[in-house]
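Heads up, the sequence shown is in the working numbering, so the first residue is 37 and it goes up one at a time. A virtual CB, placed ideally from N, CA and C, is assigned to each residue, including glycine. Bear in mind that the values here come from a model prediction, so they are computed numbers and not experimental data.
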Amino acid sequence: KINLKEAIRLYRISTKRGHKIAPYMLGQLYETGTGVAKDLAEAIKWYQLAGERNFSSGKKRSDVLLKRNKRQARPTG
């Protein structure tokens, strides 16, 4: 069984130590609401950090979420 609290704690420690994939994993957890409250703004923040650390999947995912949010925020009519 996966211990999500422990995984989140370790991802945060790894992120503080400069790991490039750990912030991406935190982004996934916040995007899906797995083990934490679902928060797309928080997910984007973690994905962007992964992207800044040259983990291209982080940049790609933050771009997708930003584009999706922009489309949803457009006024209709």
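- Taking the Cα of Asn90 as reference, the smallest distance to any Cα among Ile44, Pro59, Leu102 is reached at Pro59.
- The alpha-carbon separation between Gly69 and Val100 amounts to approximately 17 Å.
- Under the three-state reduction of DSSP, Ala73 is assigned to coil, being neither helix nor strand.
- A straight line joining the alpha-carbon of Ser92 with that of Leu62 spans about 15 Å.
- When the alpha-carbon of Ser50 is set against those of Glu67, Ala73, Trp82, the nearest one is in Trp82.
- Between Lys74 and Glu67, the C-beta spacing is below 9 Å.
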